[in-house]
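Following: one structure in structure tokens, then a few remarks.
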Amino acid sequence: MVTRPILVAVATAAALAPLAAAAHAFLQRAEPRVGSEVAKAPPAIRLSFTEDIVVPFSRVAVSGPPGFGGAGLPHAVAGDARSLAVDLKRPAPPGAYTVRWRVLSVDTHVTEGDFSFQVRPQAAP
Amino acid sequence: MDKDMHSRLAALGAVPTALILLAASPAAAHGIVGDRFFPATLITDDPAVADELTLPQVDGFKTADDPPADQVDISGEWSKRITANFGISFDGAWTDLKTPGGDVSGFQNFGTTFKYQAITDAPHELMVSVGLEAEWGGTGAEKVGADRTSTLTPTFYFGKGANDLPAGLWWARPLALTGVIGYAVPLAHAAPRSLESGFAIEYSFRYLSAHVRDVGLPSFVNQLTPLVEVQLETPIADRQPSTGTINPGMIWSGNRVQFALEAMAPINRASGRTVGAVFQVHWFLDDMFPHGIGRPIW
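Order-wise, the sequence lines are chains A and B. For the first sequence, our numbering begins at 1 and goes up steadily by one. For the second sequence, our numbering begins at 1001 and goes up steadily by one.
Rendered as structure tokens:
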């Protein structure tokens, strides 16, 4: 008796699946990794999201320790519509870096977030 | 005009729209506040006003009756934003009861919830909403326990992420607490009033990997949220004990749909006889139809 209503509900739900469009873009991976400690500052930070993003309308701000040269504008990553990158200007001294991002996914949803990573002090020669 | 020119003009036309979108508050709908995403919970309502659809939710358990009956409920809920912060939900449930005296089935009373998302504080990952839940008496079948009396329940909803914890407790920052408390007032003088409360403690692996520390978990695991929900109903006037369930489980959140499974453990004999289970499929209509039914009317 209970089987038929369950089947009807599941069938209705299954019918919805093909209607899915794009969605909110959540951060999937970052390089350097979120919360990581790296030996030296990378030339660029790469952010990969769960959905395709519109890079020209996305922002990334990077703050670092005193003396940090700042970050460039976000730019697309060739062949990867879900990623963007920002170049780090020199100098990029050891210390804590914070990345604040705000992206527009292709379905017009805006999401934002932040994370940090550390650049280790260089060992004395 | 050549095709290239058309594309360029179309792109230029999109610029003001995109700039407006970027200036707007991010990620309205869903349960997103700042870095935090509150997934839709199964037993207690989350604080977000959203365009979402729960279909189906199926639960099964043994009732507290003596002798107990096997109860299965199949329910659904459609939530629609009227404005960015105000929404209405419509819910219904079909119940099948297997009793020693035979099987009965039918609809429970239908319900409507009006909810206003009053506070969305991104830096503190805090979301607060107020609402009014209405159960329409007489719309369901009495043989499955549907009341003939309508009930109004003014309700307070909240959600708070643990991002304020000190750096030494980084591993606990993915924790979040959501909860509800409502005062149920039946629209009949003799009917007893009750306090309807509940909360959910959640741990978001997505939050851990995207905002705290990427420990290299697989993508599938990053989309999981283990949680424990607790639901209580406390009679106000008489000395009857509270009834409720403790529900440990797991939510998997995709980009457009989430799946969730929880056990339902009764807190006492008056709440049930055995551990039951509840399963839910939940659709994010704002992601599926961002330019249509998934956006606020105004």
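In this text, a Cβ means the ideal position worked out from N, Cα and C, and glycines have one as well.
In this chain, L88/A is not harboured by any beta strand (DSSP E), its DSSP state being neither H nor E. For R1213/B, the residues of chain A that pass the 7 Å Cβ criterion are V34, G35, in the order they occur in the chain.
Ranked by how close their Cα comes to the Cα of L1227/B, the residues Y1207/B, V1215/B, E1202/B, E1233/B have E1202/B in first place.
At least one beta carbon of chain B lies nearer than 8 Å to the beta carbon of H109/A. C-alpha of G70/A to C-alpha of G64/A: approximately 8 Å in a straight line. For the pair L1177/B and M1250/B, the Cα-to-Cα distance works out to about 15 Å. At a beta-carbon threshold of 7 Å, none of the residues of chain A lie near S1204/B; the nearest stands roughly 11 Å away. Counting C-beta atoms within 10 angstroms of its own C-beta, W1170/B has fewer than 16 neighbours from the protein chains shown and is therefore classed as exposed.
Closer than 8 Å to the CB of L27/A there is at least one CB belonging to chain B. A1200/B and D1059/B have their C-alpha atoms roughly 18 Å apart. Counting only the Cα atoms, T1225/B lies some 6 Å from W1252/B. According to the DSSP assignment, N1247/B belongs to the beta strand (DSSP E) that extends over 1243-1253. Counted as a single uninterrupted DSSP element, the alpha helix (DSSP H) harbouring F1220/B occupies residues 1219-1222.
Here R1148/B carries a coil assignment [DSSP, helix/strand/coil]. The Cβ-Cβ distance between S58/A and V106/A does not fall below 8 Å. Between D1066/B and the set L1053/B, K1098/B, A1184/B, I1293/B, the nearest pair of CA atoms involves K1098/B. For T1041/B and I1267/B, the gap between their C-alpha atoms comes out near 19 Å. Sequence-distant Cβ neighbours of A1263/B in its own chain, meaning closer than 7 Å and more than five residues away, are N1247, P1248, G1249, V1275, A1277. When the beta-carbon positions are compared, H1211/B and V110/A stay at least 8 Å from each other.
Residue environment analysis places Q1240/B among the exposed positions, since fewer than 16 neighbouring C-beta atoms fall within 10 angstroms of its C-beta. Only residues of its own chain outside the window of five on either side were considered, and among them V1215, L1217, N1222 have a CB closer than 8 Å to the CB of S1209/B, listed in chain order. With its beta carbon less than 8 Å from one in chain B, G113/A belongs to the interface. DSSP places A1277/B within a strand segment (E or B) once states are collapsed to three.
Annotated three-state conformation of A1162/B is coil, per DSSP. Per DSSP, D114/A is one residue of the beta strand (DSSP E) stretching across 110-119.
Close partners of A39/A in chain B (Cβ separation under 9 Å) are lacking, with about 17 Å as the shortest Cβ gap.
Boundaries of the beta strand (DSSP E) harbouring L1053/B: 1052-1062, taken from the DSSP string. The region 1151-1160 of chain B makes contact with the region 1128-1138 of chain B, as at least three CB pairs between them are under 8 Å.
When only Cα atoms are considered, A1162/B and H1189/B end up about 43 Å apart. Residue contact check for H24/A against chain B: a CB pair falls below 8 Å. The C-alpha of F1114/B is placed about 5 Å away from the C-alpha of L1132/B. In this structure, the straight-line span from the alpha carbon of G1254/B to that of A1146/B is close to 35 Å.
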